[in-house]
Amino acid sequence: MRMVLRWFGEGNDTVGLEQIKQIPGVEGVAWSLHDVPAGEEWPEEKIIEVKKQVEKSGLNIDVVESVNVHEDIKLGMPSRKKYISNYIKTIERLAKAGVKVICYNFMPVFDWTRTELFKKMYDGSTALFFENEKIKDIDPMKLVEMISRNSSYTMPGWEPERLEHLSKLFEQYKQVTEEDLWDNLQYFLERIIPVAKENDVKMAIHPDDPPWSVFGLPRIITNKKNIQRFLNLVDDPYNGVTFCSGSLGANPDNDVADMVREFSDRIHFAHIRNVKTYDNGDFIETSHRTQDGSVDIHDVVKGYHDTQFSGYTRPDHGRHIWGENSRPGYGLYDRAMGVMYIWGLWDAFERSKRKRSNES
Ligand code: CS2
Ligand code: MN
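In this text, residue positions in the sequence shown follow the working numbering: the first is 15, and each later residue adds one.
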């Protein structure tokens, strides 16, 4: 397991590389060019600039999160040809710079969706919250306003230029069924995976968050059956998954630890996070600790350990604690504790394995 932390870039994050460097066992950052709109090719000089900054502080740039997919590709529009060719150029340039894994998602219109970014918890901390009843009547435009009002940074997946044509996008998606989305994903994969393979970069799709349809938009990367279907679309190790325990764990029907064991060899990037789910469909993000949420993080990490997972890992979101003023979900403190919880479990599993093999 190789630990990284998400970093939004110089001047675009409250957390600095020098702080990330001090978290035990973190060797790199999951980064992106957040100012390049989805669909455009990433300029080589900008990639090199980040590479230099990050490597100077002794961290690596092996993981990119994420290269966003243009809506026309998801919609299957004729213009997808151009956007896919841009995507391919970006893959090639990132490979040349030394990137090993590219995370992306295939969620229509919105990336992750929540109804509150700073929901107060019993202990005074705040966390990202999803209220099921609220989402049913909220106008998506209102949600966009709320998300941008509550964050001084542009939130990834909620870029204003992407969302400014919101009503047109909703109109276009009315025509798109889940099966259409599968077809459009397959079309995309058939063109990018051979390039990824040739350039030795692993592609890793992020599951839908939450893993069900919101605002009537189709969503497909949601459960075990569908992840298996996804892997079969192009059955190649370079076509893999960013396995996010928090996203998938929001649906109590998903046995997340079982999925880790099932898909381990096709998981290139592990997002580890706990969520507490409620019977009414609400969920809140909690600390990583198993007892604090509904996902058995102990079993998730054990699943990775037992299958000798050697891919990249990061703590996913964290709560906002100790008065830290950060991007929603991306403070330093709770994520750093997440890293240590994951390492604590991992090292204990490792020690008992060694002990067992010495005894036999
Ligand atoms: C991330 C996702 O912040 C988050 O919730 O897990 O936004 C993730 O970066 C994207 O879906 C990847 O494309
Ligand atoms: Mn995630």
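Quick reminder that beta carbons are idealized off the backbone N, C-alpha and C, glycines included.
Simplified DSSP assignment, three categories, for Glu-85: Taking the sequence shown and counting its residues from 1, one reaches residue 85 at position 71. Of the three classes helix, strand and coil, the one that applies to Glu-85 here is helix, per DSSP.
Using only alpha-carbon positions, find the residue among Leu-199, Thr-129 and Asp-49 that is nearest to Pro-122. To locate residue 122, count along the sequence shown from 1; it is residue 108. Cα-wise, what sits closest to Pro-122 is Leu-199.
DSSP on Thr-168, reduced to helix/strand/coil? For the purposes of this step, residue 168 is taken as the residue at position 154 of the sequence shown. Residue state, collapsed to three classes: coil.
Rounded to the nearest angstrom, how far is the Cβ of Thr-104 from that of Val-68, given a contact under 8 Å? Position 90 of the sequence shown, counting from 1, holds the residue named residue 104. Position 54 of the sequence shown, counting from 1, holds the residue named residue 68. In fact, because the Cβ distance is near 18 Å, the residues do not count as touching under 8 Å.
Would the segment 323-340 count as touching the segment 272-291 if we require 3 or more Cβ pairs under 8 Å? yes
Cα-Cα separation between Val-314 and Val-274, rounded to whole angstroms: Here residue 314 refers to the residue found at position 300 when the sequence shown is read from its first residue. Here residue 274 refers to the residue found at position 260 when the sequence shown is read from its first residue. If you take the alpha carbons of Val-314 and Val-274, they lie about 7 Å apart.
Exposed or buried, what is Ser-139 when buried is set at 16 or more other beta-carbons lying within 10 Å of its beta-carbon? Walking along the sequence shown from the start, residue 139 turns up at place 125. When all chains shown are included, Ser-139 counts as buried.
Ranges of the alpha helix (DSSP H) found wholly within the segment 167-211, counting only runs of at least 4: As far as the segment 167-211 is concerned, its whole alpha helix (DSSP H) runs of at least 4 residues are 174-177 and 180-187.
Within this structure, are the beta carbons of Met-217 and Ile-61 separated by less than 8 Å? Taking the sequence shown and counting its residues from 1, one reaches residue 217 at position 203. Taking the sequence shown and counting its residues from 1, one reaches residue 61 at position 47. Their beta carbons are not under 8 Å apart, which means Met-217 does not touch Ile-61 by this criterion.
Can you check which of these residues, Leu-247, Ser-340, Tyr-136 and Met-354, is closest to Ser-165 by C-alpha distance? The residue labelled residue 165 in the question sits at position 151 within the sequence shown. If we check each option's Cα against that of Ser-165, Ser-340 comes out closest.
Three-state class that DSSP yields for Arg-398 in the structure shown: With the chain represented from 15 up to 374, any question about residue 398 goes unanswered, as that position is not in the structure.
Let me check you understand the geometry: is the CB of Ser-171 closer than 7 Å to at least one non-hydrogen atom of ligand 1? Numbered from 1 along the sequence shown, position 157 holds the residue referred to as residue 171. It is Gly, not Ser, that sits at residue 171 in the sequence shown. Under cutoff, so the answer is yes.
If the criterion is Cβ atoms closer than 8 Å, does the pair Phe-257 and Phe-244 meet it? By 1-based counting over the sequence shown, the position of residue 257 is 243. By 1-based counting over the sequence shown, the position of residue 244 is 230. Not in contact: Phe-257 and Phe-244 (Cβ atoms no closer than 8 Å).
Nearest-angstrom Cα separation, counted from Lys-66 out to Asp-3: What is shown of the chain runs 15 to 374, which leaves residue 3 out entirely.
Tell me the DSSP secondary structure of Gly-358 in three-state form. Locating residue 358 in the sequence shown gives position 344, where the first residue counts as 1. Looking at Gly-358 - three-state DSSP - the assignment turns out to be helix.
Whose C-beta lies closer than 8 Å to the C-beta of Leu-108 among residues of the same chain, with five residues either side of it excluded? To locate residue 108, count along the sequence shown from 1; it is residue 94. Excluding positions up to five away in sequence, the list reads Trp-56, Ile-61, Val-78, Val-81, Ile-116 and Val-215.
Note down the Cα distance separating Tyr-318 from Ile-98, rounded to an integer number of angstroms. Within the sequence shown, the letter at position 304 stands for residue 318. Within the sequence shown, the letter at position 84 stands for residue 98. When rounded, the distance between both Cα atoms is 33 Å.
Output the distance between the C-alpha atoms of Met-169 and Tyr-344, rounded to the nearest integer angstrom. Taking the sequence shown and counting its residues from 1, the one referred to as residue 169 is at position 155. Taking the sequence shown and counting its residues from 1, the one referred to as residue 344 is at position 330. So the alpha carbons of these two residues sit roughly 11 Å apart.
Touch check for the segment 149-160 and the segment 263-272: three-plus C-beta pairs under 8 Å? no
If you measure between the beta carbons of Arg-163 and Phe-144, is that distance less than 8 Å? Position 149 of the sequence shown, counted from the start, is the residue given in the question as residue 163. Position 130 of the sequence shown, counted from the start, is the residue given in the question as residue 144. Against a cut-off of 8 Å, the Cβ pair of Phe-144 and Arg-163 comes out as no contact.
Could you check which residue in Asp-27, Met-17, Asp-86 and Arg-16 has the C-alpha nearest to that of Pro-346? In the sequence shown, the residue the question calls residue 346 occupies position 332. Just to set this straight, residue 346 is Leu in the shown sequence, not Pro. The shortest Cα separation from Leu-346 among Asp-27, Met-17, Asp-86 and Arg-16 belongs to Asp-27.
Taking the alpha helix (DSSP H) that Phe-277 falls in, what are its first and last residues? Within the sequence shown, numbered from 1, the residue matching residue 277 stands at position 263. Where Phe-277 is concerned, the enclosing alpha helix (DSSP H) stretches over 270-277.
Span of the beta strand (DSSP E) holding Pro-154? Working through the sequence shown from its first residue, we reach residue 154 at position 140. Counting along the chain, Pro-154 falls outside any beta strand (DSSP E), though it belongs to the alpha helix (DSSP H) covering 154-163.
Provide the residue(s) that pair with Pro-329 in DSSP beta bridges, ordered along the chain. Position 315 of the sequence shown, counted from the first residue, corresponds to residue 329. Paired residues: Ile-286.
Quick one, which of Ala-350, His-48, Ile-235 and Ser-366 has its alpha-carbon nearest Trp-172's? Position 158 of the sequence shown holds residue 172. With distances taken between Cα atoms, Trp-172 lies closest to His-48.
From the DSSP output, read off the bridge partner residues of Met-17. As a position in the sequence shown, residue 17 is number 3, starting the count at 1. Looking at the DSSP assignment, Met-17 forms a beta bridge with Val-40 and Thr-327.
Hey, Ile-75 and Ala-111 are a contact pair by Cβ (cut 8 Å); roughly how many whole angstroms apart? Looking up residue 75 in the sequence shown gives position 61. Looking up residue 111 in the sequence shown gives position 97. Yes, Ile-75 and Ala-111 are in contact; Cβ-Cβ is about 7 Å, under 8 Å.
Residue range of the unbroken alpha helix (DSSP H) whose run includes Lys-220: For the purposes of this step, residue 220 is taken as the residue at position 206 of the sequence shown. In the sequence as presented, Lys is not what sits at residue 220; that position holds His. That residue, His-220, is in no alpha helix (DSSP H); its beta strand (DSSP E) goes 216-220.
Closest by C-alpha distance to Val-270, when choosing among Leu-247, Gly-254, Val-289 and Leu-359: The residue labelled residue 270 in the question sits at position 256 within the sequence shown. Closest option to Val-270, Cα to Cα, is Val-289.
Pull up the CB-CB distance for Pro-51 and Glu-178, whole angstroms please, since I reckon it's below 8 Å. Here residue 51 refers to the residue found at position 37 of the sequence shown. Here residue 178 refers to the residue found at position 164 of the sequence shown. Not confirmed; about 11 Å, so no contact.
Would you list the residues sitting across from Ile-281 in a DSSP beta bridge? Numbered from 1 along the sequence shown, position 267 holds the residue referred to as residue 281. Ile-281 pairs with Val-255.
With a 10 Å radius around its C-beta and 16 neighbouring C-beta atoms as the bar for buried, classify Asp-330 as buried or exposed. Locating residue 330 in the sequence shown gives position 316, counting from the first residue. Only buried fits Asp-330, as 16 or more other CB atoms lie within 10 angstroms of its CB.
Compare the C-alpha of Asp-86 against each of Gln-242, Val-248, Asn-240 and Phe-202 and name the closest. As a working mapping, residue 86 is identified with position 72 in the sequence shown. Of the candidates Gln-242, Val-248, Asn-240 and Phe-202, the one whose C-alpha sits nearest the C-alpha of Asp-86 is Phe-202.
Within the continuous alpha helix (DSSP H) that includes Thr-104, where are the two ends? Mapped onto the sequence shown, residue 104 falls at position 90. If you look at Thr-104, you'll find it in the alpha helix (DSSP H) that goes 94-111.
Burial state of Trp-226 (16 or more Cβ within 10 Å): Taking the first residue of the sequence shown as position 1, residue 226 is located at position 212. Using a 10 angstroms sphere on the CB of Trp-226, the tally of other CB atoms stays under 16, which defines it as exposed.
Measuring only the C-alpha atoms, how far is His-84 from Arg-94? Start at 1 with the first residue of the sequence shown, and residue 84 comes out as number 70. Start at 1 with the first residue of the sequence shown, and residue 94 comes out as number 80. Each residue's Cα considered, the two are about 8 Å apart.
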